[in-house]
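Novice:
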Amino acid sequence: MGSPSQNAEVAEKLDRIGNLYIAANDTWRAKTFLKAAKVVGEVNGSLADIDSVKGIGKSTADVIKQILKTGTCDRLLKLEKEYPPDALSLTAIEGIGPKGAYAMCRTHGVGNLDDLITKLEKSGEDDSLLKLAKLGKAHSAQGRLQRLRVRPLVEKMLESLRSVTGVVQAEAAGSYRRQCETVRDIDVLVQAPITSVSLVKKAFSEFGVLLSAGQKKMRLRHEGSYKDGYGERVDYILYIDLLVVEAKSWGSAICYFTGSKQHNVELREIAASRGFIVNEHGIYKGRVMDEKNRVGGANETDLYDILGLPFVEPKDRDT
């Protein structure tokens, strides 16, 4: 029952259950399932002995077993019936999570994002919400952008971040670093001390509307344009997430956030087969992720060297 390749799918369903409980205003169950999703996502081996995994209670373990057996579970089906998936299209609006999406549907008497936009256009009410809704729809509909279109922006941003006092290094990750032809969003990693975070925030905010900013995570929306092959102006929206990373975890973090998802899964499977745990925080010897068991992670090559693997260039991690 269960295999490493299934772990990500199980974690995704647990995360969905947790978010639906947020919508249901059931904080305790939401925390339980969101925590379980994180735990399962970090399990390198099989979920066959899920009952013994630390952080997973009996009832949650039963849910996981049902997902492994059937691909879904009664709890998820019940929640999805009460909170229809179409309503989650409103989460495309910046700042709106699952709970807010369902509340907004009830408040405005709509079933999805398109219904909300239509109603707001007809009523002429709440222009600010209408603008955010249209921005969210535009970003969802635009698909992926050609890498060459956003490259000047990304390079300029990285140059600015690298010039900040205290910043050791800054790199773009994700599909951009893998040199894919197209990208949807951009992930940026910065190695810097906490004392430099305010300066990082200032430099980052120069490239768009800062939507959130904590000590380790920031997000902004960049609205740009370019000329297509016919000389016509094309407007686009690009969301950029920035993560501040400690030096000891830089290599593991840049590897993890570069992806691809399948590459990460295979790396974790190989690590598990050789008695290691690999995640965005580092590489650990044994089955317990503890600082005393850390054997690497500061450099990206650590993950491959310790596992006895040849280094895989980012551009080759989709194959």
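Here the sequence shown stands for residues -5 to 313, where the numbers follow the working numbering.
Even for Gly, the Cβ is constructed at its ideal location relative to N, Cα and C.
Everything numeric in this text was worked out from a predicted model, so none of it was measured.
Identify every residue that forms a DSSP beta bridge with R288.
Specialist: Within the sequence shown, numbered from 1, the residue matching residue 288 stands at position 294. Y278.
Novice: In terms of residues, what are the limits of the alpha helix (DSSP H) holding K75?
Specialist: Position 81 of the sequence shown, counted from the first residue, corresponds to residue 75. Residues 68 to 76.
Novice: Rounded to the nearest angstrom, what separates R262 and D299 at their Cα positions?
Specialist: Position 268 of the sequence shown, counted from the start, is the residue given in the question as residue 262. Position 305 of the sequence shown, counted from the start, is the residue given in the question as residue 299. Spanning the two alpha carbons is a distance of roughly 14 Å.
Novice: Whole angstroms are fine: how far does the CA of L8 sit from the CA of F201?
Specialist: Numbered from its first residue, the sequence shown carries residue 201 at position 207. Numbered from its first residue, the sequence shown carries residue 8 at position 14. Cα-Cα distance, rounded: 35 Å.
Novice: Would A127 be called buried (16 or more neighbouring beta carbons within 10 Å of its own) or exposed?
Specialist: Numbered from 1 along the sequence shown, position 133 holds the residue referred to as residue 127. Buried.
Novice: DSSP three-state call for I90: helix, strand or coil?
Specialist: On the sequence shown, residue 90 is found 96 positions in, with the first residue counted as 1. Three-state result, I90: coil.
Novice: Is it buried or exposed, N188, if we count other Cβ atoms within 10 angstroms and call 16 or more buried?
Specialist: Stepping through the sequence shown from its first residue, residue 188 is reached at position 194. The sequence given here has Ile at residue 188, not Asn. Classification for I188: exposed.
Novice: Quick check on DSSP: helix, strand or coil for M212?
Specialist: By one-based count along the sequence shown, residue 212 stands at place 218. In this structure, M212 counts as strand in the three-state DSSP scheme.
Novice: Run through DSSP, which three-state label would S206 get?
Specialist: What you label residue 206 is simply residue 212 of the sequence shown in a count that begins at 1. In the structure shown, S206 sits in a strand (DSSP, three-state: E or B).
Novice: Does DSSP put I231 in a helix, a strand or coil?
Specialist: Within the sequence shown, residue 231 is the residue found at index 237, counting from 1. Of the three classes helix, strand and coil, the one that applies to I231 here is strand, per DSSP.
Novice: Check whether the Cβ of A18 lies closer than 8 Å to any Cβ atom in chain B.
Specialist: Absent from the structure: chain B. Only one protein chain is present.
Novice: Identify whether Q60 lies in helix, strand or coil by the three-state DSSP scheme.
Specialist: Mapped onto the sequence shown, residue 60 falls at position 66. Of the three classes helix, strand and coil, the one that applies to Q60 here is helix, per DSSP.
Novice: Report the three-state DSSP secondary structure of T159 (helix, strand or coil).
Specialist: Reading the sequence shown from its first residue, position 165 is the one you call residue 159. In the structure shown, T159 sits in coil (DSSP, three-state: anything other than H, G, I, E or B).
Novice: DSSP three-state label for G218, please.
Specialist: Residue 218 sits at position 224 when you count from the first residue of the sequence shown. Of the three classes helix, strand and coil, the one that applies to G218 here is strand, per DSSP.
Novice: What's the C-alpha gap between G105 and L82?
Specialist: Taking the first residue of the sequence shown as position 1, residue 105 is located at position 111. Taking the first residue of the sequence shown as position 1, residue 82 is located at position 88. The straight-line gap from Cα to Cα measures roughly 9 Å.
Novice: Mind checking which residues open and close the alpha helix (DSSP H) that includes Q256?
Specialist: Counting from 1 along the sequence shown, the entry for residue 256 is found at position 262. Segment 255 to 267, the alpha helix (DSSP H) holding Q256.
Novice: Which residues bound the beta strand (DSSP E) around I180?
Specialist: On the sequence shown, position 186 is the one that residue 180 refers to. Looking at the DSSP string, the run of the beta strand (DSSP E) that includes I180 is 180 to 185.
Novice: Can you give me the Cβ contacts of A95 inside the same chain, cut-off strictly under 6 Å, excluding the 5 residues immediately before and after it?
Specialist: The residue labelled residue 95 in the question sits at position 101 within the sequence shown. Around A95: A81, L82, L84, T85.
Novice: Excluding sequence positions up to five away, which residues of its chain have a Cβ less than 8 Å from the Cβ of H275?
Specialist: Residue 275 sits at position 281 when you count from the first residue of the sequence shown. Counting only Cβ-Cβ distances below 8 Å, and skipping sequence neighbours, we find S243, S246, A247, M283, G291.
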